[in-house]
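Take a look at the structure below.
Protein chains: 2
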Amino acid sequence: MIKNDLFLRALKGETVDRPPVWMMRQAGRYLPEFMELRKKYDFFTRCQTPELASEITVQPIRRYGMDAAILFSDILVIPQAMDIEVQMKPNFGPYLPNPIRTAKDLESVVVPNIEDSLGYVLDAITMTKEKLDNEIPLIGFAGSPWTILCYCVEGQGSKSFDKARGFCFTQPEAAHKLLQKITDTTIAYLKAKVKAGVNAVQVFDSWGGMLSPMDYQEFSWQYIQQIVDALKDDAPVIVFGKGCWFALREMAQSGASAVGVDWTCSAQNARYLTGGQITLQGNFDPARLLSPPEKIKEMVRQMIQDFGKDKYVVNLGHGILPHIPLENAAAFIEAVKSYKE
Amino acid sequence: MIKNDLFLRALKGETVDRPPVWMMRQAGRYLPEFMELRKKYDFFTRCQTPELASEITVQPIRRYGMDAAILFSDILVIPQAMDIEVQMKPNFGPYLPNPIRTAKDLESVVVPNIEDSLGYVLDAITMTKEKLDNEIPLIGFAGSPWTILCYCVEGQGSKSFDKARGFCFTQPEAAHKLLQKITDTTIAYLKAKVKAGVNAVQVFDSWGGMLSPMDYQEFSWQYIQQIVDALKDDAPVIVFGKGCWFALREMAQSGASAVGVDWTCSAQNARYLTGGQITLQGNFDPARLLSPPEKIKEMVRQMIQDFGKDKYVVNLGHGILPHIPLENAAAFIEAVKSYKE
């Protein structure tokens with residue numbers, strides 16, 4: 001059994017003394033110990049070497065003692081496993097040299113066998129679980145099918161993913177075929193992760209907020225719902241969509257254990273839009289971690305009061321930024337761990 | 342008097358036979374006649390030469406007959422007039438080589454005399470009014486102070502303007518000084534535009550959606566409210582904030598004549614969040630103009646039904662994209678002009 005099960009209890013909606021805390025991208029570039037490994041090993045080496053991925057996963061836990069670890073990996077391991085080439089270019093980000101633009105481009109896209117193509121992730125989970133030694137739960141994650149499609153079609157990051165949206169609106173049949181292939185792969189991937197030992201899974205819909213509510217239903221939500229349906233009996237599922245305030249009601253009714261919210265949605269709006277019953281996760285503005293530590297602590301305490309200590313997981317509203325001072329991240333975590341009503 | 346005053350009547354909330362229509366960035370790169378001029382003249386030459394700016398402004402009107410023209414210009418003429426150097430780099434976008442990062446950087450930032458520094462805009466208005474010959478109204482615009490600050494601090498476009506947000510959160514006093522200088526300049530600028538002949542003004546808060554609701558009040562909304570207060574007796578004011586669904590209530594109660602909404606906010610949500618009384622403007626997903634023309638027409642008719650034909654200005658939810666086919670833009674405009682209940 002997990003010794004600190006605060007996170008899992010919050011996902012179940014149980015009454016707790018204080019909410020649990022972790023940070024999206026907590027195993028990341030703001031940590032000097034991460035930067036040491038980053039100097040020595042390139043991105044995919046870090047992802048694909050279980051010793052490195054597990055070490056990176058536990059680095060923030062050693063330093064700050066969060067209530068959950070999240071396996072170091074990337075959402076783009078999925079298209080890579082589907083035979084879509086993914087490169088990670090320094091000072092540029094992800095680059096997919098052969099983006100999907102036509103129905104014909106889909107022919108070479110496979111739904112892979114997870115053990116064969118992503119066995120390194122499963123090995124990293126085994127190794128991380130050993131390192132965590134049942135102290136805290138481990139989270140596994142995947143991108144939403146829509147968010148993965150965005151990269152597969154655009155071929156790189158983008159402010160508005162116009163090519164990806166254009167693909168869906170001009171070739172909806174091809175788009176749905178690709179989305180279903182990604183969904184099938186993601187379900188098998190997350191099930192394998194749970195089997196390998198993760199205690200909860202999170203689906204990141206980073207670019208869902210680019211779509212109108214109607215298009216969100218068609219091109220994003222229906223596929224996330226498939227994932228929730230397939231996973232919810234295996235492990236608690238957290239659904240997080242950046243900019244997806246308009247879909248919070250569907251998310252809350254989906255069977256997911258918790259819903260993540262970004263910082264544009266106040267606690268009051270988030271509770272109202274989700275119906276007040278489901279566990280919420282979020283939503284500190286990552287840039288607000290640039291405020292002085294005392295101000296961060298004050299804002300975190302206010303945030304917990306606004307969300308309420310129960311049915312709540314303290315987190316940022318998106319990933320931690322690379323240039324956040326260590327003492328500021330410490331102030332964020334400490335304010336939660338010392339919280340008293 | 343303006344012959345086609347449909348747009349001004351919609352801003353007043355009067356009953357109309359059909360809603361008026363225009364498109365954000367309608368004088369833009371999707372038009373071959375615009376691209377002809379773009380080949381010959383660089384960005385600031387186009388902005389600063391009244392003959393060119395007025396010609397570009399009326400190009401889409403000649404082709405499509407929108408119900409309002411919007412003066413061709415750029416939100417970054419304001420920092421330029423405030424002695425902050427702004428370059429427009431091909432294939433890169435705006436670049437400010439000396440970004441504001443400290444209180445000291447503010448010392449050289451001036452609140453300029455509008456006639457001296459932006460007289461070319463006023464001349465362009467005079468010339469455009471002659472070309473429009475009272476057929477339709479002319480809109481003038483400015484960026485919100487927060488959105489202008491984003492560029493002044495970041496020094497270029499960005500996905501999340503982390504430097505700009507960091508500046509506000511670490512040096513709030515300096516941020517407020519800069520915001521007030523931009524606000525004072527913007528008020529004088531918009532008043533001069535109205536005096537020169539524009540029939541309405543729109544404030545674009547393109548990056549307001551990066552802020553939490555509390556930070557939005559502090560760093561964006563209070564300055565927009567100053568602008569609305571100063572302008573509303575001179576001309577109808579339209580306030581548009583991309584991603585600012587959480588502030589729609591304040592916008593509706595501000596004294597503005599209309600509130601723009603982006604495509605993530607359904608008509609139903611927009612009417613609910615604004616209290617159901619104010620004129621709304623929007624909100625077709627610009628990427629949805631890539632759909633086939635018949636599909637565009639069907640979606641536009643549905644959008645008008647959802648918003649209702651009164652107290653409504655048909656528009657996109659953000660600027661038109663450069664690669665939209667001409668017949669698709671035509672389908673959008675035509676669907677509104679032929680709308681019958």
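As given, the protein sequences belong to chains A and B, one line each in that order.
With the first letter of the first sequence counted as 1, position 185 gets the number 185 in my numbering; the numbers rise by one all the way through.
With the first letter of the second sequence counted as 1, position 265 gets the number 606 in my numbering; the numbers rise by one all the way through.
Note that the Cβ used here is the ideal one computed from N, Cα and C, for glycine as well.
As the structure is a computational prediction, the values presented were derived from the model and not from experiment.
According to DSSP, simplified to helix, strand and coil, what is residue i?
i: L378 of chain B; result: helix
i: V21 of chain A; result: strand
i: G549 of chain B; result: helix
i: G143 of chain A; result: strand
i: A576 of chain B; result: coil
i: M342 of chain B; result: coil
i: G460 of chain B; result: helix
i: L372 of chain B; result: coil
i: F433 of chain B; result: coil
i: N454 of chain B; result: coil
i: T102 of chain A; result: coil
i: L412 of chain B; result: coil
i: V654 of chain B; result: strand
i: A256 of chain A; result: coil
i: N328 of chain A; result: helix
i: F7 of chain A; result: helix
i: L138 of chain A; result: strand
i: F581 of chain B; result: strand
Going straight from the alpha carbon of residue i to that of residue j, what length do you get?
i: R249 of chain A; j: C606 of chain B; result: 14 Å
i: K430 of chain B; j: S160 of chain A; result: 20 Å
i: T467 of chain B; j: Q156 of chain A; result: 44 Å
i: A10 of chain A; j: N134 of chain A; result: 18 Å
i: I645 of chain B; j: A331 of chain A; result: 49 Å
i: Y382 of chain B; j: K311 of chain A; result: 59 Å
i: G617 of chain B; j: K353 of chain B; result: 14 Å
i: P19 of chain A; j: G255 of chain A; result: 21 Å
i: R101 of chain A; j: V153 of chain A; result: 6 Å
i: R271 of chain A; j: K242 of chain A; result: 16 Å
i: V77 of chain A; j: L122 of chain A; result: 13 Å
i: T524 of chain B; j: Q567 of chain B; result: 8 Å
i: V314 of chain A; j: D575 of chain B; result: 47 Å
Does any residue of chain A bring its CB to less than 8 Å from the CB of residue i?
i: N432 of chain B; result: no
i: F510 of chain B; result: yes
i: R506 of chain B; result: yes
i: D503 of chain B; result: yes
i: G550 of chain B; result: yes
i: L572 of chain B; result: no
i: D415 of chain B; result: no
i: D424 of chain B; result: no
i: D546 of chain B; result: no
i: D647 of chain B; result: no
i: D651 of chain B; result: no
i: D525 of chain B; result: no
i: D626 of chain B; result: yes
What does residue i reach in chain A if we use C-beta pairs closer than 9 Å?
i: K500 of chain B; result: G157, S158, K159
i: F587 of chain B; result: W245, T264, C265, S266, N269
i: P554 of chain B; result: W263, T264, C265, S266, N269
Can you give me the Cβ contacts of residue i inside the same chain, cut-off strictly under 6 Å, excluding the 5 residues immediately before and after it?
i: L190 of chain A; result: A142, V201, L231
i: T147 of chain A; result: D205, S206, W207
i: Q87 of chain A; result: Y95
i: A188 of chain A; result: I114
Given 7 Å as the limit, tell me if residue i has its C-beta closer than that to any heavy atom belonging to the ligand GDP.
i: V121 of chain A; result: Of the ligands one can find in the structure shown there are none, so the ligand GDP has no counterpart to examine.
Please work out which residues of its chain come closer than 8 Å, Cβ to Cβ, to residue i, disregarding the five sequence neighbours upstream and downstream, and give them in chain order.
i: L372 of chain B; result: Q400, P401, R404, L667
i: E682 of chain B; result: K650
i: L8 of chain A; result: I2, P137, N199, A200, P236
i: D424 of chain B; result: S449, V450, V451, P453
i: L552 of chain B; result: W487, R506, F560, S561
i: Q48 of chain A; result: Y120
With a cut-off of 8 Å, does the C-beta of residue i fall near any C-beta of chain B?
i: R288 of chain A; result: yes
i: L321 of chain A; result: yes
Residues of chain A with CB under 8 Å from residue i, in chain order?
i: S632 of chain B; result: F169, T170
Excluding the five sequence neighbours on either side, which residues of its own chain have a C-beta within less than 7 Å of the C-beta of residue i, listed in chain order?
i: L132 of chain A; result: V58, A69, L138
i: G538 of chain B; result: I466, T467, K470, L479
i: S117 of chain A; result: A81
Quick one: list the residues of chain A neighbouring residue i, beta-carbon separation under 7 Å, in chain order.
i: D446 of chain B; result: Result: empty, since nearest Cβ-Cβ is about 18 Å, beyond 7 Å.
Using a Cβ cut-off of 8 Å, pull out every chain B residue sitting near residue i, in sequence order please.
i: D5 of chain A; result: Residues of chain B passing the Cβ test: none, with the nearest at roughly 31 Å.
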